[in-house]
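If you're matching positions, the sequence shown starts at 1 in UniProt numbering and goes up one per residue. Think of the CB as a built atom: it goes at the ideal place given N, C-alpha and C, for glycine as much as any other residue. Given the structure is predicted, the values throughout are model-derived calculations rather than measurements.
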Amino acid sequence: MRGDKRYILKVHGGVANPDSMIFTQRDYAKARARFSAFYNLMSAALRTETFLFFGCGRSDPDLTLLLEEYAYDFSVAAVPHYYLTAIGMHEDEKSSLRLNRNLKVIEYDPVNVEHSGLVDELKNLGEQVEAEREELIQTRNW
């Protein structure tokens, strides 16, 4: 994960290979043991990169463990990560995610049951990130 490339991580298998999917607590435990190098990489990346999480649940025990460890290890100095979700998350839950996992919540209007609004929101977010990146380059105000 070096260089200036951006990555999309899909960590719990997929429909094309059902045996790779994780559903139970036991599946999570087996994955942590079998793929410990991946979890070490994720732990390191959380400390050096900025993540945008979407399409994942807030109850994933592995993600919770990694994010809470990062948030508590670095406390005030921890750079936040972002969690994209449909409008409607309770303010208490947003506050808890910020405090305990160092996640800033970004909400979007799903528009319909297929969440077609997500595509527009991702495009908008990409444009905002690029504009901010350009401003940082121009001003050198890191």
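If contacts are defined as beta-carbon pairs under 8 Å, then residue i and residue j qualify, I think. What distance do you get, rounded to the angstrom?
i: residue 54; j: residue 84; result: 4 Å
i: residue 77; j: residue 70; result: Not quite, the Cβ-Cβ distance comes to about 11 Å (not below 8 Å), so this is no contact.
i: residue 107; j: residue 86; result: 7 Å
i: residue 110; j: residue 97; result: Not really, about 19 Å apart at Cβ, beyond 8 Å.
i: residue 14; j: residue 22; result: Rounded, the Cβ-Cβ distance is 11 Å, inconsistent with contact.
Does DSSP classify residue i as helix, strand or coil?
i: residue 9; result: coil
i: residue 16; result: coil
i: residue 146; result: The question about residue 146 has no answer, for the chain in this structure spans 1 to 142.
i: residue 24; result: coil
i: residue 78; result: coil
i: residue 54; result: coil
Do residue i and residue j have their C-beta atoms closer together than 8 Å?
i: residue 102; j: residue 67; result: yes
i: residue 80; j: residue 28; result: no
i: residue 104; j: residue 82; result: yes
i: residue 39; j: residue 32; result: yes
On the criterion of 16 or more Cβ atoms from any shown chain inside 10 Å, does residue i qualify as buried, or is it exposed?
i: residue 63; result: buried
i: residue 99; result: exposed
i: residue 91; result: exposed
i: residue 136; result: exposed
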